[in-house]
Amino acid sequence: MTKEAVHLTTDVLVVGAGAAGMYAAVSAARGGADVVLVDKSLIGRGGATIMAQMTVAAAVGHEAPDDWTRHYEDTIAAGRGLCDERLAAILCEEAVDRILELDEWKVGWARENGHMKQVTAPGHSVPRCVYVDFLNTGPSVARCLRGRVAQTDGIARISGVAIVDLVVRDGAVSGAVGFNLEDGAPVTIAANAVVLAGGGLTGIYRRNSASANMGGHAYALALRAGAELIDMEFVQFFPIGHLAPRLVGMDPIMWDPFRYKLGGRLLNGDFEEFIHNYGAEDSGKYTAPRDVTSFAIVRENEAGRGSPHGGAWLSFEHVPETELRAAFGPVIEKLLANGIDLTKQAIEVSPIAHYHMGGVRVDERMETNVAGLYAAGEAVGGANGANRLSGNALPEAFVFGERAGRFAAADVRGQTPAWAARDASAALATLAARSDGRTETSPDAYTHHAIAAELRALMWEKVGLIRTDDSLGTALSRIRELQSELEAAPAAGAAAYDMSLADWFDLRDSLQTAEAVTLAARSRRESRGAHWREDFQETDPALEENQTVALSADGMVTGWQPVGRR
Ligand SMILES: Cc1cc2nc3c(=O)[nH]c(=O)nc-3n(C[C@H](O)[C@H](O)[C@H](O)COP(=O)(O)OP(=O)(O)OC[C@H]3O[C@@H](n4cnc5c(N)ncnc54)[C@H](O)[C@@H]3O)c2cc1C
């Protein structure tokens, strides 16, 4: 039986409590708005933020002379002609303020002789990335922002509620519908403005660096509310994800910071350096951009020069143990506990889905084409174009989060939400249809698992690093069949903490997001940045345009628009 809905009213609803959502909540509250901050996980503990290890790019100029315009130039160069220049400029300029503000809030940026330490990450022209030792950036940022949220008046924190749909009235957002993961009870929230900060999509790929709730939820919520997405074809594959030997309890992308600090030699199966054969420089310094390195590893494998498990070798054997320990302290012990002695062995690495450049289309105020609907963080597309510089994602979350909260508060403070219960009835009916008449024995958990596993395999094999019209066409048809299978999947499990209900809504989002990525990838008939078409290997100057995806009455549609210039 459907449980009674809980109803809340607020000025600003923030969906997702990673770095972007927490910053948005603090910023909206300091702008005088009442805020409700909702997350499916515990506040500040789901999503990507808490997983991040090291680099946060900002031209604070502590390590070497720097200026935000240089950071901007590097960002634009990496973006291969597709960065929205206005968003990229905001990101680079305001990153400095946000990093200094977090410093005041005692996040704990690593320091030396009183100044913040900064390292050079790939694609950056100077040492620009601050971090927290040892591989502790994400947890420290999450802890710091959780503290700020808790200390700021006017923010109600709600963990364990999944938002399943936004509510729109006359082209403007008026709130959201969700449910309590613990008991399945519906939750409706009336709001004058909503900030979507639900993170990225890499969980829809078989090999990924994702943690919980990274299945493309923000994109699907935005689409169903009538917002446009942009650049959905550009999924970033992190080149040196851990492949072998088995590594338990450690992050698969931890080799990135190792390379910033210590260099490290990337070698093919014949133990030869190879990045220089693909138009980039590397030779121990790790300055080759991520897209080039990922493709180079795939190509070496195609040519029969891969490492035994299908990747490349990464070796720190030439680095003295004292240097390893000075740079990574307790991490070296953890590796030894995993049976990995870096002084004696190379490890195997390969590309994994890691970040999404595309996302919700916003203006400089972070507002979408739906009035009152804002987006922030990895949920936003445009700033990084066709390829993101490492270290640009966390500043994007801080900067866009701060802006989204600030503008949302300024726009809506003190107004009464235009909420009408009937506007939420379709979303509530879908929820009821999935919650009612359930039995403990129905097999939907298995169906959900099978659909999720197939989707991840499909995305990895057909919409991964190397794409063709054929592979994308096959994927698109199968994704649409899976959507019908999910629609018909039987309901089950009336128990408390009913994950099968959550799985159904997660999968609905993931399939819709996967459809958007695949559709956009198929219609971009060129290779550029992270999007490689085997059947269109050249970059086509005529396609130096952003591609949009939207939902129409006839289904998902794509379009083109000029790149935003300053
Ligand atoms: C392993 C790893 C390492 C990384 N390292 C770095 C790095 O060193 N430097 C860097 O710049 N970037 C790094 N990144 C990328 C960066 O961490 C992310 O881009 C950034 O943290 C995104 O922040 P966010 O707030 O937008 O999203 P997230 O931190 O992912 O937060 C999104 C939140 O939304 C919630 N949510 C989603 N859907 C719903 C819903 N329907 N209802 C309610 N809640 C919902 C989730 O539970 C989650 O808590 C890394 C990413 C990963 C995965």
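In my numbering, the protein residues as written are 24 to 589.
Backbone N, C-alpha and C define an ideal beta-carbon position, used for all residues, glycine too.
Predicted model only: the values in this text are computed from it and were never measured.
Residue nearest to residue 266 within the set 247, 257, 474, 278 is 278 (criterion: CA-CA distance). Residue 335 sits in a strand when the DSSP states are folded into three classes. Distances taken from the Cβ of residue 244 to the heavy atoms of ligand 1 include one shorter than 7 Å. Judged by DSSP in its simplified three-state form, residue 148 adopts coil rather than helix or strand. Unbroken alpha helix (DSSP H) runs of no fewer than 4 residues, entirely contained in the stretch 135-181, are found at 160-174, following chain order.
Ligand 1 approaches residue 237 closely enough that one of its heavy atoms is under 7 Å from the residue's Cβ. In the structure shown, the three-state DSSP call for residue 264 is strand.
Secondary-structure assignment with DSSP links residue 559 through a beta bridge to 556. Taking a 10 Å sphere around the C-beta of residue 294, we find fewer than 16 other C-beta atoms and assign the residue as exposed. When DSSP states are grouped into helix, strand and coil, residue 583 belongs to the strand group. When the beta-carbon positions are compared, residue 404 and residue 428 stay at least 8 Å from each other. Each residue's CA atom was taken as its position, placing residue 199 and residue 31 some 10 Å apart.
Shown here, residue 494 sits in a helix according to DSSP, grouped into three states. The Cβ neighbour count for residue 500, taken over all protein chains shown within 10 Å, is under 16; the residue is labelled exposed.
Residues of the same chain with a CB within less than 6 Å of the CB of residue 385, apart from the 5 flanking positions on each side, are 391, 398, 403 in chain order. Between the alpha carbons of residue 421 and residue 446 lies a gap of roughly 32 Å. Shortest gap from the CB of residue 223 to any heavy atom of ligand 1: under 7 Å.
Secondary structure note for residue 353: its alpha helix (DSSP H) is the uninterrupted segment 353-360. For residue 442, the closest alpha carbon among the candidates 225, 450, 214 is that of 214.
Inclusion of residue 378 in the 7 Å shell around ligand 1 follows from its C-beta lying nearer than that to a non-hydrogen atom of the ligand. Shown here for residue 388: same chain residues with a beta carbon closer than 6 Å to its own, the five before and five after excluded, namely 430 in chain order. As the crow flies, the alpha-carbon of residue 66 is around 10 Å from that of residue 168.
Per DSSP, the continuous alpha helix (DSSP H) segment holding residue 421 begins and ends at 416-435. With fewer than 16 neighbouring CB atoms inside 10 Å of its own CB, residue 588 falls in the exposed class. In the DSSP assignment, residue 458 falls within the alpha helix (DSSP H) that extends over 448-458. Less than 8 Å separates the beta-carbon of residue 63 from that of residue 184. Comparing alpha-carbon positions, the option among 128, 176, 502 lying closest to residue 165 turns out to be 128. If the five residues before and after residue 550 are omitted, its C-beta is found closer than 8 Å to the C-beta atoms of 556, 559, 560, 561, 562, all from its own chain and listed in chain order. The nearest non-hydrogen atom of ligand 1 is 7 Å or more from the C-beta of residue 550.
DSSP places residue 27 in the coil class of the three-state scheme, outside both helix and strand. The Cβ neighbour count for residue 583, taken over all protein chains shown within 10 Å, is under 16; the residue is labelled exposed. Between ligand 1 and residue 185, a heavy atom-to-CB distance of less than 7 Å is present. Set against 7 Å, the gap from the CB of residue 274 to the closest heavy atom of ligand 1 is smaller. Taken atom to atom, the span from the alpha-carbon of residue 123 to that of residue 76 is near 19 Å. Straight-line spacing of the CA atoms in residue 118 and residue 139 works out to 15 Å. Taken from the Cβ of residue 62, at least one heavy atom of ligand 1 lies inside 7 Å.
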